[in-house]
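Please read the structure below before turning to the comments.
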Amino acid sequence: MSTGSDFDQMLEFAQEALALAPVIILGSGASAAHGVPGMWLLADKLGRLPGVDTPSADEAMQWSAFHSELRRGTDLESALGAVRLTGRQTGYVADATRSFLLPYDEQVFGAMLSDRRYLPLSRFYRHLFSSTHRTVDVITPNYDRLAEYAADAAGVIHFSGFTSGYLQTRTQAQAPRPTGDSGRVVNVWKVHGSLDWFEDADHQIIGVRGCRETPAGYVPLMITPGIDKYRLAHLEPFRTIFTCSDAALERARAYFCVGYGFNDQHLQTKLVERCDVDSVPIIVITKCLSETTKAFLRGGRCRKYLALEEGDGGVGTRAYTHLQPAGVSFPDQTIWPLANFLDSTLGADA
C-alpha cells in the first residue's frame, strides 16, 4: 500500500539523482517505446530466412541447427550461441539485422522531423545542458540512431567516435573537438555498433550517413548475439568504445537506465562495481523489469536505487527502492514511461 509520502520520497530521490547529470544507459526498451523491434521479432525474421547463398555442408548444418533452436522457443542470444556460424554467415546475420531494423529507425527520424519534441530524450538533453554541463554520456547496445536523433532535435552535437560528414572515418582522439559557441556534446558510446557503420574485407571501417543499402564490398559493423560477441568486442572500434564507456561509467555520479535489462556483462560490470563500492545512485525505468535487473537490485550490491515498471494489470506504476525492495504500487501514477517520468521529476514545462 503506497502513501503520498512514499511517492514524494521516490520523486525526491529521482530529482537528486538527475541533478547529478547521470550517465544515460539506453536499452532495447528505450527504442521499443518508439516502435523499433526487439530481439524476439528479429528472431522471427531470421528464422524465416534461407541463409547464405550456396552454403557449404557445414554452413547448411549450422543454419539448420540455428532454426531448430528458434523453433524450440530458444531466445535469439542463446540460439546463436548454440551454433558456430562462419564469418560469411555472421555477416549475413548482421546484414539481415540491419535491413530489418532500418525502416523502423527511419520512421522515428521522420516523426522527429515532424515534431522536434517527439523524442523525450531531447528534452532531457536540453535540461542537462541548461546548467554548466558541457558533456552528456550515453551508453547503448542498440544499433539504432535514436540517441543521435534526440541530440539533433535538441540542437546539440553528438559524437560516437567517428568524424562528421556523409563519409566518416574513425577519429584518433577519444573525445570530440566541438565547433560552435556552446561546445556542448552528447557522447554516444555504441558498444555493439551502429546502422551507420561498415567494414570491408581488410577490416577497414567507415561510417556512412543515410545509407539505405549496405555498400558493395562491406558488411554492417554490428556485434550480433552469438559466440563471436565477446571476441569481436576486443577488436576495433569496439575496444576503444568500451574504453570510453568504461571511463564514463567510472566518473559518473549517477546512472539513468531507460529500457535496459542488465543482460550485458560487457556494459554493466563497471556500473555494478560503482553502485556497490561507491554507492552511486541508479534509476531504472522500463515497461517490465527483467529478472536479472531485479536480482541485481535485490542482491545487496546496489546501495541506492529507484526502479520503475508498469503496474499490475497495466495500471499505474510499480516502484522498487533500496528502502522498499519488495516494491510499492502507485495505481494512479503512470510515471514509468520516459516522457511521464520527466514530467514528474523536471516539471511538465521543463
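All letters in the sequence shown, in the order written, are residues 1 to 350 by my numbering. Yeah, the Cβ is synthetic: ideal placement off N, Cα and C, and Gly gets one too.
Here's the rule I'm using: 16 or more other beta-carbon atoms within 10 Å means buried, otherwise exposed. How should residue i be labelled?
i, result
"aspartate 181", "Confidence at aspartate 181 is low in this model, with a pLDDT of 48, below 50, so its placement is unreliable and the value that follows should be read with caution. Result: exposed."
"tyrosine 166", "exposed"
"methionine 112", "buried"
"histidine 192", "buried"
"valine 93", "buried"
"methionine 10", "buried"
"serine 130", "exposed"
"histidine 234", "exposed"
"tyrosine 125", "buried"
"tryptophan 369", "As shown, the chain starts at 1 and ends at 350. That puts residue 369 outside it, with no answer to give."
"proline 50", "exposed"
"glutamine 268", "buried"
"glutamate 250", "exposed"
"glutamate 309", "buried"
"tryptophan 63", "buried"
"arginine 239", "exposed"
"arginine 231", "exposed"
For residue i, which of helix, strand or coil comes out of DSSP?
i, result
"threonine 352", "Because the chain spans 1 through 350 in this model, residue 352 falls outside it and cannot be assessed."
"leucine 49", "coil"
"arginine 318", "strand"
"glutamate 236", "coil"
"threonine 163", "coil"
"aspartate 196", "strand"
"proline 55", "coil"
"valine 23", "strand"
"histidine 266", "helix"
"proline 103", "helix"
"isoleucine 335", "coil"
"serine 329", "strand"
"alanine 82", "coil"
"threonine 243", "helix"
"glutamine 168", "strand"
"threonine 140", "strand"
"proline 220", "strand"
"aspartate 181", "The predicted position of aspartate 181 is uncertain, since its pLDDT is 48 and thus under 50; no value can be drawn from it."
"glutamate 16", "helix"
"valine 191", "coil"
"glutamate 69", "helix"
"tyrosine 230", "helix"
"alanine 111", "helix"
"cysteine 257", "strand"
"glutamate 273", "helix"
"leucine 119", "coil"
Cα-Cα, which of the options is closest to residue i?
i, options, result
"alanine 352", "Val328, Ser114, Cys257", "Residue 352 lies beyond the stretch modelled for the chain, which goes from 1 to 350, so this question has no answer here."
"glutamate 273", "Leu297, Tyr218, Asp44, Gly261", "Leu297"
"glycine 91", "Trp336, Arg116, Ala79, Glu199", "Glu199"
"alanine 154", "Asp6, Val186, Ala201", "Val186"
"serine 290", "Ala307, Thr240, Asn142, Thr54", "Ala307"
"valine 156", "Ala326, Ser122, Phe109, Thr240", "Ser122"
"alanine 147", "Arg253, Ala60, Ile24, Leu271", "Ile24"
"leucine 342", "Leu128, Ala233, Arg116, Gly35", "Leu128"
"glutamine 15", "Ile282, Arg117, Cys275, Gln324", "Ile282"
"threonine 140", "Val108, His266, His67, Leu323", "His266"
"arginine 209", "Ala151, Phe238, Thr163", "Thr163"
"glutamine 168", "Phe13, Ile205, Leu195", "Ile205"
"lysine 45", "Ser31, Tyr218, Leu70, Gln62", "Leu70"
"leucine 42", "Asp95, Thr54, Ala65, Glu12", "Asp95"
"alanine 201", "Tyr218, His67, Ala32", "Tyr218"
"alanine 7", "Gln333, Gly207, Glu106", "Reading off the sequence, residue 7 comes out as phenylalanine, not alanine. With distances taken between Cα atoms, phenylalanine 7 lies closest to Gln333."
"tyrosine 255", "Val108, Ala295, Asp276", "Asp276"
"phenylalanine 66", "Ser56, Gly47, Ala57", "Gly47"
"glutamate 59", "Asp75, Thr74, Thr86, Ser68", "Thr86"
"phenylalanine 242", "Gly261, Leu271, Arg253", "Leu271"
"glutamine 324", "Ala348, Arg303, Phe159, Leu338", "Arg303"
"alanine 252", "Arg117, Ser56, Asp278", "Asp278"
Below 8 Å on the Cβ atoms is my contact criterion, and I expect residue i with residue j to pass it. Report the Cβ-Cβ distance as a whole number of Å.
i, j, result
"threonine 293", "valine 284", "6 Å"
"threonine 286", "glycine 259", "5 Å"
"valine 52", "arginine 88", "5 Å"
"methionine 222", "tyrosine 143", "5 Å"
"proline 225", "tryptophan 197", "Actually they do not touch by this definition, with Cβ atoms about 17 Å apart."
"threonine 171", "glycine 161", "6 Å"
"alanine 353", "tryptophan 189", "As shown, the chain starts at 1 and ends at 350. That puts residue 353 outside it, with no answer to give."
"threonine 345", "leucine 26", "The pair is not a contact, with the Cβ atoms about 18 Å apart (cut-off 8 Å)."
"alanine 32", "glycine 38", "5 Å"
"glycine 35", "valine 108", "7 Å"
"proline 120", "alanine 339", "4 Å"
Looking at C-beta atoms only, is the number of pairs between the segment 95-106 and the segment 207-222 that lie closer than 8 Å three or more? yes
Okay, do the segment 125-139 and the segment 78-86 touch, 3+ Cβ pairs below 8 Å being the bar? no
Does the segment 327-335 touch the segment 303-318, meaning 3 or more C-beta pairs lie closer than 8 Å? yes
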